[in-house]
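Protein chains: 2
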Amino acid sequence: MKQRAITIKDLATALNLSTSTVSKALKGSHEISAETQAKVKEYAKQQNYRPNPIAQNLRKGSSKSIAVIVPNIDNNFFSQIINGIETIAFKKEYNVIVTQTHESYEREVRNTQHHFSRSVDGLLVSLSSETENVDHFIEAQKNGLPIVFFDRVSDQIETHKVISSNYKGAYDATLHLIKQGYKRIAQITSAGFLSITVERLAGYIKALEENNIKVDEQFIKYCAHGGMIKEEVHEVINELFALKVTPDAILTASDRLSTTTLDMLSQMKIKVPEQVAIAGFTNSVNTGIFNPSLTTVVQPAFEMGKTATELLIQIIESKRPVTQFEKIILDTELIVRESSRKKKVN
Amino acid sequence: MKQRAITIKDLATALNLSTSTVSKALKGSHEISAETQAKVKEYAKQQNYRPNPIAQNLRKGSSKSIAVIVPNIDNNFFSQIINGIETIAFKKEYNVIVTQTHESYEREVRNTQHHFSRSVDGLLVSLSSETENVDHFIEAQKNGLPIVFFDRVSDQIETHKVISSNYKGAYDATLHLIKQGYKRIAQITSAGFLSITVERLAGYIKALEENNIKVDEQFIKYCAHGGMIKEEVHEVINELFALKVTPDAILTASDRLSTTTLDMLSQMKIKVPEQVAIAGFTNSVNTGIFNPSLTTVVQPAFEMGKTATELLIQIIESKRPVTQFEKIILDTELIVRESSRKKKVN
DNA sequence: ATTTCAACCACAATCGTTTGCAGAGTTTAT
DNA sequence: ATAAACTCTGCAAACGATTGTGGTTGAAAT
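Going line by line, the protein sequences match chains A and X. The numbering of the first sequence is the working numbering, which starts it at 961 and goes up by one. The numbering of the second sequence is the working numbering, which starts it at 961 and goes up by one.
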């Protein structure tokens, strides 16, 4: 179907030169006379010649493309990150290939191998919520594939990591709820082994302890699918409200969990913030027009994507193997709205 | 950085065969004895050999990848479409490369050329809101690049197109508003030359006319950036409410416009639906928890992505040039919520 | 007039895979 | 026994771009 594009060979025959001369002329080699260079360049431009990147890839062993593996893209947090990734990649002339795991470990493995065998130059990853084992990444990395993790990272692999201040974000939000007069603060969070879960729990616990509020294990609920499955959220809310002492506030620890929880509470006719206040991690753009407007911990998603990509390209283009890795922590921002209005004491 | 992977040559020397024999054996050619085939295949598996896709691409002139050009991905409508695209592509073993125009004509052109020169096998496009001229696509198509358009399409180019029933969607929403008792229905829409704009306007006008409501040009407002720029929306709302006769309802004709309009009205302290009712096109997942919950025309985004991809792959894999193109129209769905509550007659 | 040396360019190998063709060896038919 | 037919395998040329090596020219230096 596809018809042949113009090649260096076409230019060569047309100009009565050899392909090597043309190639060198186009690259401005000193071996080629200025006159010839000008002639070649002009004709190439006129013919709208573009070097075949596949051939270049083969020759150079690099593909000038990086792959992204995220749980989902129909989620503002991740799509904002991808925006950041694209910004840098575009600038540095890398192609971006985006794939999703849909929170499935199996798809994560498949995608990783797929990208590896298609020889992308590097990988940008945020782990699926099912992923406890990262051998597939370690394997790829051993075989020379540069990888940078962001948001959901793993301790079991040595490489650059970019996260937001999950600890501080959770701490700030919890502290805010406490200051608003809430004392029985629950947390709904994602799979317990995810880095973000661990860190957000820690910040939450720290804030409680500093304010002499006992941490109640029953107030901490895990949703393995991070809010993708409404029933799961519905269930944990039911559990929370079936306790003898029910929470008066909830910290929702991830993007989808925040919106799904609000949705569920609304469907369950539980008034926010009268019956229960809410503060949550989310990068949804519409939290201001939610009912009620949602107090959120906003992550620097765009920034995170940019930073991760810069680090990745740095590894890719470094001459010598990179052995010193850093973990970059970006600040979150707490935006206070109606859902955490000061508690009425009655 | 990247270390050399195992090649067909390695297998050949190890097995004391020629590369061609190995290649043919791996493909199960009848030219190669069953015995040799077995030997080769086993060794290849043992060595975890993977053919270098770049070399294959070069040879075959195909890259088994399709590129997507959308205005934005941090928008549920488009990210849902991409989900659909990915689903089919994954199944058919195509790579998906996603790029954004950010509604810029210039970036659209650049992306198109970029993809063309990187020899993707096909292109899936939804036009930027700045795009009036589609020569860049026509050029690429002439040179053999299969293209399928979705959502925002152009009449100036002959190829498969997949859209939703914009006409009917707008008609339904407008009719609904009329039935709820609203008579002065405005429309806030995107750039006037976009296909979606034209069609949605037509449906809206049809519904008005059928109900003997005169179409008021002053009630039709265009936002060139489709809600990406809040000020633009703010301005048109101001204009609408500065009229001697102000609207009692607004049909917002695109995803971002719907949410931005609601946001602006809320900031401007204009009560919905008391002062003005709202119904809008959007695929935002959270419209149910908006304040007020939003009456929406939901598009079959996932389906649209799947269909467009199927058509594209059909062209790519067809032996003979495709000359018969179809335009597929998928049904929208109207979901009624609070923002278009029946008008109180007082 | 011969040597020297730039300047300019072409040859050919290379990246890894695929594939038409030819050749070697074996079997069958005459 | 010889020709024909068939099996199996290897050679070599592609795909398009890059690059080290080496060859040809002309002019300057001896």
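Ideal Cβ positions, reconstructed from N, Cα and C, are used throughout, including at glycine.
query: DSSP three-state assignment for X:Met961, whether helix, strand or coil; result: Note that X:Met961 scores 43 on pLDDT, short of 50, meaning its location in the model is unreliable and no value can be drawn from it.
query: A:Ser1039, DSSP secondary structure in three states; result: helix
query: Cα-Cα separation between A:Gly1152 and A:Gly1186, rounded to whole angstroms; result: 11 angstroms
query: Buried versus exposed call for X:Ser1150 [16 or more other C-beta atoms within 10 Å across all chains shown]; result: buried
query: Cβ-Cβ distance between A:Ile1041 and A:Phe1110 below 8 angstroms; result: yes
query: Contacts of X:Pro1252 in chain A (Cβ-Cβ under 8 angstroms); result: Asn1251
query: 8 angstroms CB neighbourhood of X:Thr1221 in its chain, flanking five on each side removed; result: Ile1148, Gly1187, Val1193, Ile1197, Ile1210, Thr1212, Ile1238 and Gly1240
query: X:Val1282 - DSSP class collapsed to helix/strand/coil; result: coil
query: Bridge partner(s) assigned by DSSP for A:Val1258; result: A:Glu1293
query: Within-8 angstroms CB hit, A:Ser1058 to chain X; result: Per the sequence presented here, residue 1058 of chain A reads as Val, with Ser not at that position. It does; some Cβ of chain X falls within 8 angstroms.
query: Per-residue contacts from A:Gln1040 into chain X (C-beta, under 8 angstroms); result: Asp1034
query: Collapsed DSSP secondary structure at A:Gly1082 in the structure displayed; result: strand
query: Residue burial classification, X:Arg1067 (beta-carbon count within 10 angstroms, cutoff 16); result: buried
query: Where the region 1203-1227 of chain A meets chain X: residues whose CB sits under 7 angstroms from a CB there; result: Thr1219, Leu1222, Asp1223 and Ser1226
query: Chain-ordered neighbours of A:Gly1186 on chain X, where CB pairs are closer than 8 angstroms; result: The premise fails here: A:Gly1186 is roughly 14 angstroms from chain X at the closest Cβ pair, so nothing lies under 8 angstroms.
query: Entirely enclosed beta strand (DSSP E) segments - the region 1170-1196 of chain X, minimum 3 residues; result: 1180-1182
query: Near-chain A residues of the region 1010-1022 of chain X - C-beta to any C-beta below 9 angstroms; result: Arg1010, Pro1011, Asn1012, Pro1013, Ile1014, Ala1015, Asn1017, Leu1018, Gly1021 and Ser1022
query: Cutoff 8 angstroms: X:Gln1248 Cβ touching any chain A Cβ; result: Before going further, note that residue 1248 of chain X is Gly rather than Gln in the sequence given. It does: the Cβ of X:Gly1248 has a partner Cβ on chain A nearer than 8 angstroms.
query: CA-to-CA distance, A:Arg1010 to A:Lys999, given in whole angstroms; result: 16 angstroms
query: Three-state secondary structure assigned by DSSP to A:Lys1231; result: coil
query: Interface partners of A:Arg1301 on chain X, CB under 8 angstroms; result: Under the 8 angstroms cutoff, chain X gives no residues; its nearest Cβ is about 14 angstroms from A:Arg1301.
query: Amino acids of chain A, ordered along the chain, whose beta-carbon sits closer than 9 angstroms to that of X:Glu1046; result: Ile1033, Val1058, Thr1059 and Gln1060
query: Short Cβ contact (8 angstroms threshold) for X:Pro1233 with X:Arg1144; result: no
query: Residue range of the unbroken beta strand (DSSP E) whose run includes A:Asn1055; result: Asn1055 to Gln1060
query: Close Cβ partners of A:Lys1121 (< 6 angstroms) along its chain, the five nearest in sequence each way excluded; result: Phe1109, Val1113 and Lys1287
query: Partner residues on chain A for X:Ser1077, Cβ-Cβ distance less than 7 angstroms; result: Arg1010 and Pro1013
query: Integer Cβ distance of A:Gly1082 from A:Leu1272, believed to fall under 8 angstroms; result: 5 angstroms
query: Rounded separation between A:Leu986 and X:Phe1076 - CA only; result: 20 angstroms
query: Candidates X:Val1236, X:Asn1093 and X:Asp1215, of which the one nearest X:Tyr1142 by Cα; result: X:Val1236
query: Pairwise C-alpha distance: X:Ile1045 and X:Ala1133; result: 28 angstroms
query: Buried or exposed (CB count within 10 angstroms, at least 16 for buried), A:Val1085; result: buried
query: First and last residue of the uninterrupted alpha helix (DSSP H) at X:Gln1147; result: No alpha helix (DSSP H) contains X:Gln1147, which is instead part of the beta strand (DSSP E) from Ile1145 to Thr1149.
query: 8 angstroms contact criterion, which X:Ala1027 and X:Ile1057 should meet: CB distance rounded; result: 5 angstroms
query: Cβ of X:Asn1093 within 8 angstroms of any chain A Cβ; result: no
query: CB contact check: A:Glu1293 to chain X, cutoff 8 angstroms; result: no
query: Per DSSP, the bridge partner or partners of X:Thr956; result: Past the edges of chain X, shown from 961 to 1306, lies residue 956 of chain X, and the structure says nothing about it.
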